[in-house]
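Protein chains in written order, with the working numbering: chain A, 18 to 333; chain B, 2 to 482.
If you want it as structure tokens, here you go:
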């Protein structure tokens, strides 16, 4: 075989490879990608900030309906403790999500002890590098649809998933506004939930020994709310979850509510603490709200925000 | 630079084209620059260490033939101290200081000034240079061989620097001997398309092993080892079995890509694996697993200890395996893993005659004995890897303990039965291919076929890589050593 023919063959295989690869990446982008994809393919007028409790527990659509005066769309930009804990990287991500002329946004900042903890062995000066490896830190583009940047660099599943449409699972729906809705199936009963809650509390009990509170995370919480104040109205909230889980958190961080209430007050931002009303909602695994409770909670939050704006009284 | 990165996809064709376009006399320079670029793509400043090793060993070896025995010895010590010194500072200093600290605390001795700990001196912040253990052992073997008169010193500094830094095997081996690689680097290479094809097929096989098999197994392994307290004993058992295959395929993938990349340039690197999973004894396993390191330890540590310093074989084996453990990482978990292997090897050698007598007396068929040997050896070696994978001894012991909580048969910890099925199927496929073709002649699966079968195989390969690859862009496990 001549060298020329060999090189042409190699080039053809390379083009074939690239063609097939991009075909399946494109095909994947047309359907369900993963739980975070819908958070990184639109510009946002308003945002829901936080971890997985906010990710599953706040429906932006209800907020848009109830609080229609604010910049739209409202996007649920909460992920989980690995992806969206307070820090320079998350703040940069929030900045990228918001358009530059944004001044009338609504920002729900959900906090729990999980937002402010890191592994005990990680020093504060290393957190930035750690966060850079997460989704928000490692892709430039957080607003395009389709977001090929995300799929190529952060989608870790095999591309054969593009051949199946997983959007219509009975219990899970990833909404275009970033809300991940978890519905209980008909066959799920209190026994299932008790089991899931046990798993969650076991996990928390194991993890608590490995974690510490990070001053860096607290510092960036303050920077985040200060930044968001320049873009609109900010509300710091603590979401409801199971009462035992709330007790566990309060036992391990005794002055959490008072500490963040005073930080919020210092920055003229209301702090709504719903953790005391946890018995009004169903946290299917002890931590996260199921679909109906999430809708009920979002509705309640909207009403409280409206009332606050009238009376300037926080919910504590 | 990672082999499984887009950067390498650009870098490698440029190197190949440049190499075959340039006249022979400039090729060493081209490869040397490419190798340094390859290394510096990770962390540019660490090239200094590579250069120090190269310069010191070049001059020490160069002076040896004309020196008296005493001077020769001094030159050897200079080379050894420089290389081991760099290795110690950059890989073992924190481990050493924190171990001493732990020991002092254990005996309740407060010799260290209050507040001054290994951590407070920031020894743990020293960046571990990629591949330092590999190139240090490679360049050390050169000066020792020159000292012993086994090879002549290389006069051409550029060729020697290329021997130390040859990019296909720079960061994870195989650890080549100067007597094998330097003559090849000096030989004039003619363009040989069948050899280039073989090299590319080996590289393709390596990419498949890495992104389709090893990284897929890694998802399950990470989930299992991240949660050693898991009540699901069966998932922990599957976790360590998968890890054993993961580390084998991950390293084997790197070696395949390294051998393939070198072959496209006309060079033959040594095979580093020879179907190790089919070994029926521990000694056989260690002759087939990471062959270049085992040979190095045998030639430069075990043999001198037994022949020159008259150590007993058991003591020599223990020392070799301690070095082997520490070579893999600055953590007691590696030492324990390696010593567990040494223990089985010592028992195996010590009981060989007795076992043979018993088997002969009971008239067991040889195949049955081999199967039992395989089952015990592989089972034992696989389970010892729990120490290798665990970040601490406590973590490993928790893992072992919970493996025996036979309460739950839950195995699907990733909530994906399809992926579990694919993982097991892939292990069976790869093992079958390794069984018939070995580790370094996989290209024979393709090269002897008719044209249309070959084309179909290439297209099939592309589809498999695109559809089944796990996009983790993970570094190779052995890069950290």
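C-beta: ideal position from N, C-alpha, C; glycine also.
For clarity, every value in this text was computed on a predicted model and none was experimentally measured.
Have a look at residue i and residue j and give me their C-alpha separation to the nearest angstrom.
i: residue 214/B; j: residue 410/B; result: 25 Å
i: residue 80/B; j: residue 49/B; result: 16 Å
i: residue 266/A; j: residue 144/A; result: 23 Å
i: residue 219/A; j: residue 463/B; result: 44 Å
i: residue 159/A; j: residue 148/A; result: 15 Å
i: residue 422/B; j: residue 315/A; result: 41 Å
i: residue 11/B; j: residue 253/B; result: 23 Å
i: residue 111/A; j: residue 60/A; result: 10 Å
i: residue 98/B; j: residue 267/B; result: 45 Å
i: residue 300/A; j: residue 272/A; result: 23 Å
i: residue 416/B; j: residue 224/B; result: 11 Å
i: residue 324/B; j: residue 351/B; result: 22 Å
i: residue 42/A; j: residue 173/A; result: 12 Å
i: residue 124/B; j: residue 392/B; result: Low confidence applies here, because residue 124/B scores a pLDDT of 49, under 50, leaving its location unreliable; read the following figure in that light. Going from the Cα of residue 124/B to the Cα of residue 392/B covers about 18 Å.
i: residue 126/A; j: residue 99/A; result: 17 Å
i: residue 102/B; j: residue 94/B; result: 12 Å
i: residue 335/B; j: residue 386/B; result: 9 Å
i: residue 43/B; j: residue 190/A; result: 40 Å
i: residue 76/B; j: residue 65/B; result: 7 Å
i: residue 257/A; j: residue 128/A; result: 11 Å
i: residue 157/B; j: residue 261/B; result: 26 Å
i: residue 28/A; j: residue 119/A; result: 48 Å
i: residue 479/B; j: residue 293/A; result: 51 Å
i: residue 437/B; j: residue 425/B; result: 19 Å
i: residue 433/B; j: residue 274/B; result: 15 Å
i: residue 269/A; j: residue 69/A; result: 20 Å
Give the single residue among the options whose Cα lies nearest to the Cα of residue i.
i: residue 381/B; options: 341/B, 303/B and 218/B; result: 341/B
i: residue 404/B; options: 233/B, 21/B and 304/B; result: 233/B
i: residue 77/A; options: 281/A, 195/A and 129/A; result: 195/A
i: residue 243/A; options: 67/A, 44/A and 108/A; result: 108/A
i: residue 440/B; options: 324/B, 279/B and 357/B; result: 279/B
i: residue 63/A; options: 180/A, 286/A, 92/A and 82/A; result: 92/A
i: residue 122/A; options: 324/A, 85/A and 235/A; result: 85/A
i: residue 249/A; options: 324/A, 260/A and 285/A; result: 285/A
i: residue 398/B; options: 149/B, 230/B and 141/B; result: 230/B
i: residue 74/B; options: 300/B, 149/B, 143/B and 433/B; result: 149/B
i: residue 180/A; options: 47/A, 320/A and 208/A; result: 47/A
i: residue 61/B; options: 92/B, 90/B and 142/B; result: 142/B
So, are the CB atoms of residue i and residue j less than 7 Å apart?
i: residue 339/B; j: residue 326/B; result: yes
i: residue 226/A; j: residue 136/A; result: no
i: residue 460/B; j: residue 206/B; result: no
i: residue 154/B; j: residue 147/B; result: yes
i: residue 152/A; j: residue 53/A; result: yes
i: residue 233/A; j: residue 141/A; result: yes
i: residue 57/A; j: residue 222/A; result: no
i: residue 263/B; j: residue 169/B; result: yes
i: residue 253/A; j: residue 295/A; result: no
i: residue 156/A; j: residue 146/A; result: no
i: residue 240/B; j: residue 212/B; result: no
i: residue 100/B; j: residue 328/B; result: no
i: residue 235/A; j: residue 124/A; result: no
i: residue 294/B; j: residue 321/B; result: no
i: residue 36/B; j: residue 84/B; result: no
Could you list which residues in chain C have their beta carbon closer than 7 Å to that of residue i, in chain order?
i: residue 37/A; result: In summary, chain C is missing from the structure at hand, where the protein chains are A and B.
Query raised in the report: Counting Cβ pairs, one atom from each stretch, are 3 or more of them under 8 Å apart for the stretch 188-197 of chain B and the stretch 145-165 of chain B?
Result: Contact fails: fewer than three Cβ-Cβ distances are below 8 Å.
Report task. Using a Cβ-Cβ cut-off of less than 7 Å, list which residues of the stretch 125-140 of chain A approach chain B; keep chain order. Result -> Within the stretch 125-140 of chain A, no residue qualifies.
Query raised in the report: Is the number of C-beta pairs between the stretch 300-318 of chain A and the stretch 207-221 of chain A that are closer than 8 Å three or more?
Result: The stretch 300-318 of chain A vs the stretch 207-221 of chain A: in contact.
Query - Cβ pair count under 8 Å reaching 3, the stretch 242-261 of chain A against the stretch 111-120 of chain A - result: Segment contact: the stretch 242-261 of chain A against the stretch 111-120 of chain A, three or more CB-CB distances shorter than 8 Å; contact assigned.
Report task. Quick one: which residues of the stretch 163-185 of chain A get their C-beta closer than 7 Å to a C-beta of chain B? List them in chain order. Result -> Here the close residues are 172, 173, 175, 176 and 177.
Query raised in the report: Okay, do the stretch 311-325 of chain A and the stretch 69-88 of chain A touch, 3+ Cβ pairs below 8 Å being the bar?
Result: Contact check between the stretch 311-325 of chain A and the stretch 69-88 of chain A: three or more CB pairs, one atom from each, fall below 8 Å, which counts as touching.
Report task. Select from the stretch 39-56 of chain A all residues with a C-beta closer than 7 Å to any C-beta belonging to chain B, and list them in chain order. Result -> Per Cβ criterion, the list reads 41.
Report task. With 7 Å as the limit, tell me which residues of the stretch 208-223 of chain A have their beta carbon closer than that to any beta carbon of chain B; keep them in chain order. Result -> Cβ contacts with chain B: 223.
Requested in this report: Could you list the residues in the stretch 203-233 of chain B with a C-beta less than 7 Å from some C-beta on chain A, going in chain order?
Outcome: If the cut-off is 7 Å between Cβ atoms, the stretch 203-233 of chain B has 230 near chain A.
**Report entry** chain B contacts made by the stretch 246-266 of chain A, where a contact means CB separation under 7 Å
**Finding:** Residues passing the 7 Å Cβ filter: none.
Query raised in the report: Is it a yes or a no for the stretch 11-21 of chain B touching the stretch 179-187 of chain B, going by three-plus beta-carbon pairs under 8 Å?
Result: Inter-segment contact for the stretch 11-21 of chain B and the stretch 179-187 of chain B is absent: fewer than three beta-carbon pairs are separated by less than 8 Å.
Query raised in the report: Using a Cβ cut-off of 9 Å, which residues of the stretch 436-461 of chain B contact any Cβ in chain A, in chain order?
Result: 459 and 460: these are the residues of the stretch 436-461 of chain B whose beta carbon lies less than 9 Å from some beta carbon of chain A, given in chain order.
Query raised in the report: Taking Cβ-Cβ distances below 7 Å as the criterion, which residues of the stretch 395-429 of chain B are in contact with chain A?
Result: The stretch 395-429 of chain B vs chain A, Cβ under 7 Å: nothing.
**Report entry** Contacting positions in the stretch 169-196 of chain B - beta carbon closer than 9 Å to chain A
**Finding:** Contact annotation: in the stretch 169-196 of chain B, residues whose CB is within less than 9 Å of a CB in chain A are 192, 194 and 195.
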